[in-house]
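> Chains as they are written, first to last, in this note's numbering: chain A, 30 to 241; chain B, 30 to 241. Where a beta carbon is used, it is the ideal one built from N, C-alpha and C, also for glycine. Keep in mind that this is a model prediction, so the values were computed, not measured.
Protein chains: 2
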Amino acid sequence: MKQIKIAIIDDHDLFREGIKLVLGQIENFEVVFDTSSGFLFLDFLQNSLPDVVLMDINMPVIDGVETTQKALQLNADLKVIALTMFSDTTHYTQMIDAGIKGFILKKSNKFELQQAINAVYSGGNYFSQEIMQKLAFQSVNFASALNQFTHRELDVLHLVCKGLTTQEISDKLFISVKTVEVHRSNIFHKTDVRNICELIVWAIKNNYFSVE
Amino acid sequence: MKQIKIAIIDDHDLFREGIKLVLGQIENFEVVFDTSSGFLFLDFLQNSLPDVVLMDINMPVIDGVETTQKALQLNADLKVIALTMFSDTTHYTQMIDAGIKGFILKKSNKFELQQAINAVYSGGNYFSQEIMQKLAFQSVNFASALNQFTHRELDVLHLVCKGLTTQEISDKLFISVKTVEVHRSNIFHKTDVRNICELIVWAIKNNYFSVE
DNA sequence: TTTTATCTAAGGGTATACCCTTAGAAATGA
DNA sequence: TCATTTCTAAGGGTATACCCTTAGATAAAA
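Structure, rendered in structure tokens:
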């Protein structure tokens, strides 16, 4: 039976060491590379080709999305499984766009991980139950609003969330205060919120804005 | 050399399995119990006494803070090290109040974990560098605000963040609109924000409010 | 006992948010 | 060519946010 060569990219040393040992226990799995840095992984790809890549999404300097995009530019056949700690919905679509083959939560167990690696290695996909549910749930009140915002509304929405007043937004976008009010009012109707406070919470919930 | 008996409480199965293997590699360390549930750990404590406890903070149902509090009620000598994945500042003070002996990030490495366990087992403390820095850094613009909120201000802050208007907050707390205004104004001065929008963002950033 | 902190509430003011309508200009698409 | 969408902007209104000050009641700490 052929060994499946696995690379792990995760900036959490303990988790990486742990998962390495977990995977080492499974026969025909072999961790050939592990690193905390997206850059070092891209270097590694210059000379090597792992069968499956486990990629943390939330990393400093160069995150999982960017690392995956660059890695797939180097080798389009690369099979990447995204790992995420909490149910971070922000990057789901980005990672899927980037071309990952699977998506599992770090709180999943050894067997799910094994299943995911085997599925992806065989040319399939693996998306964990929790994530599919979350995506499905989101699409109800999320996708309906998505694409409904005009460009200008998105501009205004973003500035509103940053705490700018109508006057400040008007100055920044070089449009009248009245125009800003119109955009804001249209956003209210589309999102079904009553005031800016609710809008900010809505925007954060629906990943139109991040406090980080 | 006496074996150090370690218990691990973490709802992330993969991480727990991994850390178990990591600790198993270190001589005189022995993982005697591991679970994803705070309740099951409290049950375990009825009949057993581990030397050191590794406790995840962010857990569903019963979190690390509550589990630690209840565990220390059962046995005040218990040595608990808190584990946190990201730099979650919310529960630092709560955990320290609860009586933990150490605090390390999950992204720290095997050696730091080993050091922490040995330090705590020998009756000392261990707080990782990153956390001390974070606490020190925060104390400039955060700890000054922390504990400066009065009970009523916290009530108002929470309702403001939920999008309630001054009138609605007044109705909910059975106080005058003018009183709510006073509290809100005091919060503004303490947090150095100009309006509710900035306050909401501030509250989320500083973990006084969560959109989840 | 005196001081301090907290909660309460008011008067009286300005600024901004929020809501309605109408409407022209420009671009897009049938 | 005509209809639709988007961006722009205004008039004119009410409601709410926001900012001062002052001040009584209460409870805890010095």
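Please list, in chain order, the chain A residues whose beta carbon lies closer than 8 Å to that of E46 (chain B).
Walking along the second sequence from the start, residue 46 (chain B) turns up at place 17. Result: G47, V51, N138 and K139.
> Under 6 Å Cβ to Cβ from K108 (chain B), same chain only, skipping five residues before and after it: list those, please.
On the second sequence, position 79 is the one that residue 108 (chain B) refers to. Closer than 6 Å at the Cβ level, and outside the excluded window around K108 (chain B), lie V81, K130 and V149.
> Would a check of beta-carbon distances place L193 (chain A) closer than 9 Å to chain B?
Counted from its first residue, the first sequence places residue 193 (chain A) at position 164. Yes, L193 (chain A) counts as interfacial toward chain B.
> What does L43 (chain A) touch in chain B if you count any residue whose Cβ is under 9 Å from its own?
Taking the first sequence and counting its residues from 1, one reaches residue 43 (chain A) at position 14. Residues of chain B passing the Cβ test: F44, G47, I48, V51, L112, I133, L134, K135, K136, S137, N138, K139, E141 and L142.
> Would you kindly report the start and end of the unbroken alpha helix (DSSP H) that includes V82 (chain B)?
For the purposes of this step, residue 82 (chain B) is identified with residue 53 of the second sequence, where counting begins at 1. Run containing V82 (chain B): none in the alpha helix (DSSP H); it sits in the beta strand (DSSP E), V81 to D85.
> Do the segment 208 to 218 of chain A and the segment 184 to 192 of chain A meet, that is, are 3 or more Cβ pairs less than 8 Å apart?
Segments in contact, yes.
> Could you tell me whether the segment 87 to 106 of chain B touches the segment 55 to 62 of chain B, where touching means 3 or more Cβ pairs closer than 8 Å?
With the cut-off at 8 Å, the segment 87 to 106 of chain B and the segment 55 to 62 of chain B do not touch.
> Between which residues of its own chain and Y252 (chain A) is the CB-CB distance below 6 Å, once the five residues before and five after are set aside?
Here chain A has residues from 30 to 241 only, and residue 252 (chain A) is not among them.
> Could you name the residues of chain A that V189 (chain B) contacts, counting a contact when the two beta carbons are closer than 9 Å?
Locating residue 189 (chain B) in the second sequence gives position 160, counting from the first residue. The contacting residues are C226.
> Closest by CA to N138 (chain B), which one among A:D72, A:D39, A:F238 and A:V240?
Indexing the second sequence from 1 puts residue 138 (chain B) at position 109. Closest by alpha carbon: A:D39.
> List the endpoints of the continuous alpha helix (DSSP H) containing F140 (chain A).
Here residue 140 (chain A) refers to the residue found at position 111 of the first sequence. From DSSP, the alpha helix (DSSP H) with F140 (chain A) extends over K139 to Y150.
> Looking at the unbroken beta strand (DSSP E) that takes in K31 (chain B), where does it start and where does it end?
Here residue 31 (chain B) is taken as the residue at index 2 of the second sequence, counted from 1. Where K31 (chain B) is concerned, there is no enclosing beta strand (DSSP E), given that its DSSP letter is neither H nor E.
> What did DSSP end up calling L134 (chain B) once you bin it into helix, strand or coil?
Sequence index remark: in the second sequence, residue 134 (chain B) carries index 105 (1-based). Strand, per DSSP.
> Measuring only between beta-carbons, confirm whether D200 (chain A) sits less than 9 Å from chain B.
Reading the first sequence from its first residue, position 171 is the one you call residue 200 (chain A). No, its Cβ sits nowhere closer than 9 Å to a Cβ of chain B.
> Let me know the alpha helix (DSSP H) ranges lying completely inside the segment 202 to 232 of chain A, each 4 residues or longer, listed in chain order.
Within the segment 202 to 232 of chain A, the complete alpha helix (DSSP H) runs of at least 4 residues are 206 to 220.
> Quick one: which chain A residues come within Cβ less than 9 Å of I55 (chain B)?
Locating residue 55 (chain B) in the second sequence gives position 26, where the first residue counts as 1. By Cβ distance, chain A contributes nothing, its closest Cβ being about 12 Å from I55 (chain B), past 9 Å.
> For L71 (chain A), collect the residues of the same chain with a Cβ closer than 8 Å to its Cβ; drop the 5 residues on either side in sequence, then sort them by chain order.
The count along the first sequence starts at 1 and reaches residue 71 (chain A) at position 42. The residues are T96, K99, A100 and L103.
> Taking only the alpha-carbon atoms, compute the straight-line gap between G67 (chain B) and L83 (chain B) and give it to the nearest angstrom.
As a first step, residue 67 (chain B) is located in the second sequence; it is residue number 38 there, counting from the start. As a first step, residue 83 (chain B) is located in the second sequence; it is residue number 54 there, counting from the start. Taking the straight line from one Cα to the other gives about 12 Å.
> Ignore the nearest five residues each way along the sequence and tell me which others in K222 (chain A)'s own chain have a CB closer than 7 Å to its CB.
Indexing the first sequence from 1 puts residue 222 (chain A) at position 193. In the sequence under discussion, the amino acid at residue 222 (chain A) is Val, which differs from the Lys named in the question. Here the set comprises L228 and W231.
> Which value, in whole angstroms, describes the spacing of the CA atoms of D243 (chain B) and L134 (chain A)?
Any question about residue 243 (chain B) goes unanswered here, given that chain B covers just 30 to 241.
> Got a sec: is the Cβ-Cβ distance from I229 (chain A) to anything in chain B below 9 Å?
Residue mapping note: residue 229 (chain A) aligns to position 200 of the first sequence, counting from 1. It does; some Cβ of chain B falls within 9 Å.
> Is the beta carbon of K34 (chain B) closer than 9 Å to that of L78 (chain B)?
In the second sequence, the residue the question calls residue 78 (chain B) occupies position 49. In the second sequence, the residue the question calls residue 34 (chain B) occupies position 5. Yes.
> What separation, rounded to the nearest whole angstrom, lies between the Cα atoms of Q143 (chain A) and K49 (chain B)?
The count along the first sequence starts at 1 and reaches residue 143 (chain A) at position 114. The count along the second sequence starts at 1 and reaches residue 49 (chain B) at position 20. Approximately 18 Å, taken between the alpha carbons.
> Determine, for D40 (chain B), whether the minimum Cβ-Cβ distance to residues of chain A falls below 9 Å.
Walking along the second sequence from the start, residue 40 (chain B) turns up at place 11. At least one chain A Cβ lies under 9 Å of D40 (chain B).
> In or out: G192 (chain A) buried (at least 16 other Cβ within 10 Å) or exposed?
Position 163 of the first sequence, counted from the first residue, corresponds to residue 192 (chain A). Label assigned to G192 (chain A): buried.
> Using only the heavy atoms of the ligand SAM, determine whether one of them is closer than 8 Å to the beta carbon of F203 (chain B).
No copy of the ligand SAM appears in this structure; indeed no ligand is present at all.
> Are V209 (chain B) and S199 (chain B) touching if we call contact CB-CB under 9 Å?
Residue numbering aside, residue 209 (chain B) sits at position 180 when the second sequence is read from its first letter. Residue numbering aside, residue 199 (chain B) sits at position 170 when the second sequence is read from its first letter. Going by C-beta atoms, V209 (chain B) is nearer than 9 Å to S199 (chain B).
> For R223 (chain A), decide whether its Cβ has a neighbour in chain B, counting only Cβ atoms nearer than 9 Å.
Numbered from 1 along the first sequence, position 194 holds the residue referred to as residue 223 (chain A). So yes, R223 (chain A) belongs to the interface.
> Taking D63 (chain A) as part of the beta strand (DSSP E), name the residues at either end of that continuous run.
Stepping through the first sequence from its first residue, residue 63 (chain A) is reached at position 34. Element bounds for D63 (chain A): F58 to T64.
> Can you tell me whether S239 (chain A) is buried or exposed? The criterion is at least 16 other CB atoms within 10 Å of its CB, across all chains shown.
Here the question's residue 239 (chain A) lines up with position 210 in the first sequence. So S239 (chain A) ends up on the exposed side.
> Given a threshold of 16 other Cβ atoms within 10 Å of its Cβ, counted over all protein chains shown, does E56 (chain B) qualify as buried or as exposed?
Position 27 of the second sequence, counting from 1, holds the residue named residue 56 (chain B). By the neighbour-count rule (16 or more Cβ atoms within 10 Å), E56 (chain B) is not buried but exposed.
> Have a look at V202 (chain A) and K219 (chain A) and give me their C-alpha separation to the nearest angstrom.
Taking the first residue of the first sequence as position 1, residue 202 (chain A) is located at position 173. Taking the first residue of the first sequence as position 1, residue 219 (chain A) is located at position 190. Here residue 202 (chain A) turns out to be Leu, not Val, going by the sequence shown. Each residue's alpha carbon lies about 21 Å from the other.
> Taking the alpha carbon of A105 (chain A) as the reference point, which residue from A:T113, A:L112 and A:A127 has its own alpha carbon closest?
Residue mapping note: residue 105 (chain A) aligns to position 76 of the first sequence, counting from 1. That would be A:A127, whose Cα lies nearest to the Cα of A105 (chain A).
> Name the DSSP beta bridge partners of Y237 (chain A), please?
Reading the first sequence from its first residue, position 208 is the one you call residue 237 (chain A). Y237 (chain A) pairs with nothing; no bridge assigned.
> Taking 9 Å as the cut-off, decide whether the C-beta atoms of G47 (chain A) and G47 (chain B) are in contact.
Along the first sequence, read from residue 1 onward, the residue named residue 47 (chain A) stands at position 18. Along the second sequence, read from residue 1 onward, the residue named residue 47 (chain B) stands at position 18. A contact, by the Cβ cut-off of 9 Å.
> Relative to the C-alpha of S205 (chain B), which candidate in B:R181, B:Q75, B:S65 and B:L112 has its C-alpha closest?
Here residue 205 (chain B) is taken as the residue at index 176 of the second sequence, counted from 1. If we check each option's Cα against that of S205 (chain B), B:R181 comes out closest.
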